[in-house]
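Below: one structure, written as structure tokens.
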Amino acid sequence: MKSSWIKARAALSVPLSAGLHRWNNNAATMPHSVAFRPCSSNSQAIIRLAASSPCGSTHRSSSVNRPSLCTLQPVAQPRSSHVAGSRAVRLATSLSSSFLHPAGSAGVPIAAVPCRPPRQQLTVASGAASAGQSAVPREPQRAAGDVSVPSGNGGVSEIYTSIREEVEGSIWQGGKRQRVASGVASVVEEEVVVAGDVAAGAGRSQQSYVPLEPTPMVQEAWDLLNASVVHYYNQPVGTVAASDPTSTAPLNYDQVFIRDFIPSALAFMLSGHHEIVRNFLLYTLQLQSWEKTVDAHRPGEGLMPASFKVTQTPVEDSAATGGAAYEEHLDPDFGESAIGRVAPVDSGLWWIQLLQAYGRCTGDLSLQQRVDVQTGIKLILKVCLADHFDMFPTLITTDGSCMIDRRLGIHGHPLEIQSLLYGALRAARDMLIPEGDSIDLIRAVNARLTALSFHIRQYYWLDLPRLNTIYRFKTEEYSHDAVNKFNIYPDQIPPWLMDWIPDRGGYFVGNVQPAHMDFRWFALGNLWAIVSSLASHAQAEAILDLMEEKWEELVGGMPMKICFPSLENGEWRIITGADPKNTAWSYHNGGSWPVLLWPFTAACLKMGRPQLAQRAVEVAERRLQADRWPEYYDTRRGRFIGKQARLHQTWSIAGYLTSKLLLANPHAVSLIAADEDWDIINASTTLLASNPRRRRHRPNPLPSPLF
Numbered sequence: 038m039k040s041s042w043i044k045a046r047a048a049l050s051v052p053l054s055a056g057l058h059r060w061n062n063n064a065a066t067m068p069h070s071v072a073f074r075p076c077s078s079n080s081q082a083i084i085r086l087a088a089s090s091p092c093g094s095t096h097r098s099s100s101v102n103r104p105s106l107c108t109l110q111p112v113a114q115p116r117s118s119h120v121a122g123s124r125a126v127r128l129a130t131s132l133s134s135s136f137l138h139p140a141g142s143a144g145v146p147i148a149a150v151p152c153r154p155p156r157q158q159l160t161v162a163s164g165a166a167s168a169g170q171s172a173v174p175r176e177p178q179r180a181a182g183d184v185s186v187p188s189g190n191g192g193v194s195e196i197y198t199s200i201r202e203e204v205e206g207s208i209w210q211g212g213k214r215q216r217v218a219s220g221v222a223s224v225v226e227e228e229v230v231v232a233g234d235v236a237a238g239a240g241r242s243q244q245s246y247v248p249l250e251p252t253p254m255v256q257e258a259w260d261l262l263n264a265s266v267v268h269y270y271n272q273p274v275g276t277v278a279a280s281d282p283t284s285t286a287p288l289n290y291d292q293v294f295i296r297d298f299i300p301s302a303l304a305f306m307l308s309g310h311h312e313i314v315r316n317f318l319l320y321t322l323q324l325q326s327w328e329k330t331v332d333a334h335r336p337g338e339g340l341m342p343a344s345f346k347v348t349q350t351p352v353e354d355s356a357a358t359g360g361a362a363y364e365e366h367l368d369p370d371f372g373e374s375a376i377g378r379v380a381p382v383d384s385g386l387w388w389i390q391l392l393q394a395y396g397r398c399t400g401d402l403s404l405q406q407r408v409d410v411q412t413g414i415k416l417i418l419k420v421c422l423a424d425h426f427d428m429f430p431t432l433i434t435t436d437g438s439c440m441i442d443r444r445l446g447i448h449g450h451p452l453e454i455q456s457l458l459y460g461a462l463r464a465a466r467d468m469l470i471p472e473g474d475s476i477d478l479i480r481a482v483n484a485r486l487t488a489l490s491f492h493i494r495q496y497y498w499l500d501l502p503r504l505n506t507i508y509r510f511k512t513e514e515y516s517h518d519a520v521n522k523f524n525i526y527p528d529q530i531p532p533w534l535m536d537w538i539p540d541r542g543g544y545f546v547g548n549v550q551p552a553h554m555d556f557r558w559f560a561l562g563n564l565w566a567i568v569s570s571l572a573s574h575a576q577a578e579a580i581l582d583l584m585e586e587k588w589e590e591l592v593g594g595m596p597m598k599i600c601f602p603s604l605e606n607g608e609w610r611i612i613t614g615a616d617p618k619n620t621a622w623s624y625h626n627g628g629s630w631p632v633l634l635w636p637f638t639a640a641c642l643k644m645g646r647p648q649l650a651q652r653a654v655e656v657a658e659r660r661l662q663a664d665r666w667p668e669y670y671d672t673r674r675g676r677f678i679g680k681q682a683r684l685h686q687t688w689s690i691a692g693y694l695t696s697k698l699l700l701a702n703p704h705a706v707s708l709i710a711a712d713e714d715w716d717i718i719n720a721s722t723t724l725l726a727s728n729p730r731r732r733r734h735r736p737n738p739l740p741s742p743l744f
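Under our numbering, the first residue of the sequence shown carries the number 38, and numbering increases by one thereafter.
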């Protein structure tokens, strides 16, 4: 019986013989094993579909020693022989089929997915987590009524019982995905997994990256980053936001934030440590299904936490828990404890893109294909694609729902969220297995990508010619052919912009909605538009041209301005509510954030301008270590450490390391960057030529009354 994913492949008109030929020519590029874990967090068994090695060898799992996370410059582990682990109970049956994820990693060279042994099973030590104490693993609790989205017509059980005739993978060449099939025999192995073990298969580098020269600054950065690692039952699960030695009130800086961990995750992966990233992805996924309530209101299931904290509670009856003195718990924050009680919209979008980067870096796509991970992706997408009272494809959010987590007048359709949404939708489309309800979801994602790309490129873009057009806008246009579609009044153009915008270059404005256009420059939204290819090639070049032209304003003494310019005087009082932390040229209101160095580096490398990124890194190196790695800088040129900035801020440290690692390994930008999608471009071109009235139909007349 052919399943829907085979039919989908057939629709691509890729001959099977061509796929076999490509398999033979690129044997070392295909992923070696696929593993699934049931959705239930209490399950102790996984079923592995392990393809026989195309290199002619068969590998088995074993318990091996991993390099310490505290190693300054780890190197890729050599491939070793694998023997059966003592804790595994195996039931192996030779079959002629297996199931493999159909979507690959955009932009990754073929060599990035080498032939590799299957996942390793690690034994979790149950020794003392602190002096004189021991801990008992305890899985995070799922919310009552938690549902699992079936990934096939036969539900979850179909994945574990169906026998397929082909192994299907993906290879990217020239930015286009091609399906590859092979009739390699496979083995189904059932293993008993040690309780609490989520790190199986992680920690092995599949690509060798050039290590950084151990200068004093780099050495200190690695030491501080390793010191910030948080452990949950002896497993690394993330990094704290800050470890300020001068602060006595940690507030929530002692928690693991999803957005803050992204540069740390990239630094760890580029240095060969994947275990912490895998653990982070899986544990935050489990937290997604926790019950979330704010004043008796329950938000959507797909909401990911903004942060979490590892807490310890003493155990009264230690005999019942195997002699443990305490239990560890993960305490998530979905916004119910945040300032302003704002839901973290960007958390799920970052999580999806980090998941794809992990698969690209390790070559291990099994994590993406797990049933619970596929379910998590779908839940996030359903929240993002839900119907609203909105005429635009952009995602409407409130103030403070992203990196700018305080009131700054970005409510509506902020650019940062749209750039992250576009990147997350593209990553999710590549990772979703196209069967069952996922097929309709992929169609919805494609439709949203086309509309979102067109909308942002058409209406958010601003350069000198576009500004001149807005300056001459007619208002109150009521027609389908209106030029001023959002009824933007030319008097909204701020005086500073008329002289500031250069002849060469442009950028995406911060927000567009009816009768409102936020003309401020927002760094992360523009930079991630380049990385995710939301910006066209010409627009991406223009953004970097603008940054080069306005280097003193946007970079100054410390890269780089989170937004430009700042709100001052009456604007500051009205828009921020007189926020004392967001005064002019401070914090989010025009402050300089060193963490923005890494997305700037990624954008420059993608566009082939590494010298611009190197220039910014050199500016940061003048002060960052001497100032003890602060969170942000104040004043117009970023000359002063922020008034309330934390020192030893983890993402400032990780952002610097990630930038250095990317500059040393330019090809590594493919872990997070996406190439232009020509299907989206062609569809957007069709939108430009279409008449909005063409799809309108004459309504049917009402039936005439009988009397």
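Cβ atoms here follow ideal geometry from the backbone N, Cα and C, with glycine treated the same way.
- Each residue's CA atom was taken as its position, placing residue 263 and residue 668 some 18 Å apart.
- Separation of residue 384 and residue 294 (C-alpha to C-alpha, rounded to the nearest whole angstrom) is 9 Å.
- Nearest C-alpha to residue 399 among 303, 272 and 656: 303.
- Pairing residue 454 with residue 432 gives a Cβ-Cβ distance under 8 Å.
- Apart from the 5 residues on each side of it in sequence, residue 676 sits with its Cβ closer than 6 Å to the Cβ of 594 in its chain, given in chain order.
- With 16 or more other Cβ atoms from the protein chains shown falling within 10 Å of its own Cβ, residue 565 counts as buried.
- Taking the CA atoms as reference points, residue 716 sits about 39 Å from residue 370.
- Note that the C-beta distance between residue 554 and residue 529 is below 8 Å.
- Contiguous alpha helix (DSSP H) elements confined to the region 467 to 493 occur at 474 to 492, taking only those with 4 or more residues.
- Spatial neighbours of residue 456 in its own chain (CB-CB distance under 7 Å, excluding positions within 5 residues in sequence) are listed in chain order as 562, 565, 566, 569 and 571.
- As the crow flies, the alpha-carbon of residue 451 is around 22 Å from that of residue 344.
- Exclusion of the five residues before and after residue 637 leaves 564, 596, 597, 650 and 653 as the residues of its chain whose Cβ lies within less than 7 Å of its Cβ.
- The C-beta of residue 691 has 16 or more other C-beta atoms within 10 Å across all chains shown, which makes the residue buried.
- The beta carbon of residue 429 sits closer than 7 Å to those of 450 and 492, all from its chain and outside the five residues before and after it, given in chain order.
- Here residue 710 is near residue 643, since their CB atoms are less than 8 Å apart.
- Pairing residue 445 with residue 395 gives a Cβ-Cβ distance that is not under 8 Å.
- Judged by DSSP in its simplified three-state form, residue 267 adopts strand.
- In this model, residue 719 and residue 275 are separated by some 41 Å (Cα to Cα).
- Counting along the chain, residue 636 sits inside the alpha helix (DSSP H) bounded by residues 634 to 643.
- Secondary structure at residue 394: helix, using DSSP grouped into helix, strand and coil.
- If you look at residue 366, you'll find it in the beta strand (DSSP E) that goes 363 to 370.
- Look at residue 669 here: in three-state DSSP terms it is coil, with no helix or strand label.
- Under DSSP, residue 499 forms a beta bridge with 544.
- Taking C-beta atoms as the reference points, residue 549 and residue 508 fail to come closer than 8 Å.
- With 16 or more other CB atoms across the displayed protein chains lying within 10 angstroms of its CB, residue 265 is buried.
- The closest CA to that of residue 658, considering only 679, 408 and 696, is found on 696.
- In the assembly as shown, residue 726 is an exposed residue. Its beta-carbon has fewer than 16 other beta-carbons within 10 Å.
- Its chain contains 684 as the residues whose beta carbon lies nearer than 8 Å to that of residue 283, once the 5 sequence neighbours on both sides are disregarded; these appear in chain order.
- Residue environment analysis places residue 477 among the exposed positions, since fewer than 16 neighbouring C-beta atoms fall within 10 angstroms of its C-beta.
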